[in-house]
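Here the structure comes first, spelled out in structure tokens, and everything after it is commentary.
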Amino acid sequence: MRTTLFSLFLLAQFVIAEKATAQKLNTFVGGNLILGFPTGDFKDGYKRATGIDVSLGFGGKHLYGLGTIGYFSYKEQSGNPYGKITVVPIKAGLRVYPKNSLFLSGNAGVGFLKDEAMSKRESRFMFDAGIGLHLLVGQISLNYDGWKRQNTDGFSGTIQLKLGLALK
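Per numbering that gives the first Met the number 0, the very first residue in the sequence shown carries number 0; after that it's consecutive.
Given below as structure tokens:
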């Protein structure tokens with residue numbers, strides 16, 4: 000199923016890129032400071048997340064294809080045997096501007112995760128979806144970010160507040 004979803008995602012990216020090349024292409028460059036709050040049972044083991052991300056991409060007036068890389072650190076609750084988690088996400092996705100300053104975003108990719116009990120980083124499927132405002136060069140958004148759990152069903156996720164800069 001994950002392979003099918005990823006294939007559909009790549010096909011959508013290709014169609015969007017094909018349509019964008021028929022129009023004038025604009026470059027997108029952005030970055031954010033991130034504060035995250037774990038959700039579901041993930042909040043039983045972790046207090047909050049902090050991090051950064053940067054995005055580069057291209058598109059037209061209302062639609063951009065983006066690549067994003069970041070770094071997140073999840074602070075553990077006391078008594079958590081796994082300790083702090085660090086994640087390096089690498090994702091690709093879309094940012095749609097239905098109105099001039101309002102945007103919707105969605106990304107999927109891989110995250111390289113390590114907690115203090117692991118000897119090396121493990122890769123996990125990651126995704127995010129959000130809504131935000133882009134005013135002049137500043138941006139603020141609210142996103143859900145999650146990764147596939149390794150030993151149990153479901154996802155571990157956070158609600159993230161992102162504050163940053165972006166040029167388009």
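Glycine included, C-beta positions come from ideal geometry on N, C-alpha and C.
Beta carbon of residue i nearer than 7 Å to that of residue j
| i | j | result |
| --- | --- | --- |
| G131 | G30 | no |
| R123 | K147 | yes |
| S140 | K113 | no |
| G50 | G56 | no |
| V86 | L62 | no |
| G108 | L93 | no |
| Q44 | Q76 | With the sequence shown as reference, residue 44 is identified as Gly, and Gln is not the correct amino acid for it. Cβ atoms of G44 and Q76: closer than 7 Å. |
| A48 | T157 | yes |
| S100 | L135 | no |
| E115 | G82 | yes |
| P97 | M125 | no |
| D52 | G69 | yes |
Classification of residue i by the beta-carbon crowding that lies within 10 angstroms, buried from 16 upward
| i | result |
| --- | --- |
| T67 | buried |
| K90 | buried |
| Q138 | buried |
| S155 | buried |
| G153 | exposed |
| S54 | buried |
Contact set for residue i: own chain, Cβ-Cβ below 8 Å, skip 5 residues either direction
| i | result |
| --- | --- |
| N25 | F57, G58, G59, K60, Y63 and K167 |
| K42 | F36 |
| F27 | S54, L55, G56, F57, G58, Y63, L65, R94, A165, L166 and K167 |
Own chain residues within Cβ distance below 6 Å of residue i, not counting five before or after
| i | result |
| --- | --- |
| A171 | A question about residue 171 goes unanswered here, because the residues of the chain that appear run from 0 up to 167. |
| Y73 | Y45, A48 and I84 |
| Q149 | none |
| L103 | V95 and I130 |
Enclosing beta strand (DSSP E) for residue i [first to last residue]
| i | result |
| --- | --- |
| S100 | Per DSSP, S100 belongs to no beta strand (DSSP E) and is neither H nor E. |
| N25 | N25 to P37 |
| D52 | Y45 to G58 |
| K74 | L62 to E75 |
Start-end ranges of the beta strand (DSSP E) lying completely within the stretch 89 to 163, minimum 3 residues: Fully enclosed beta strand (DSSP E) runs of 3 or longer: 101 to 114, 121 to 134 and 137 to 147.
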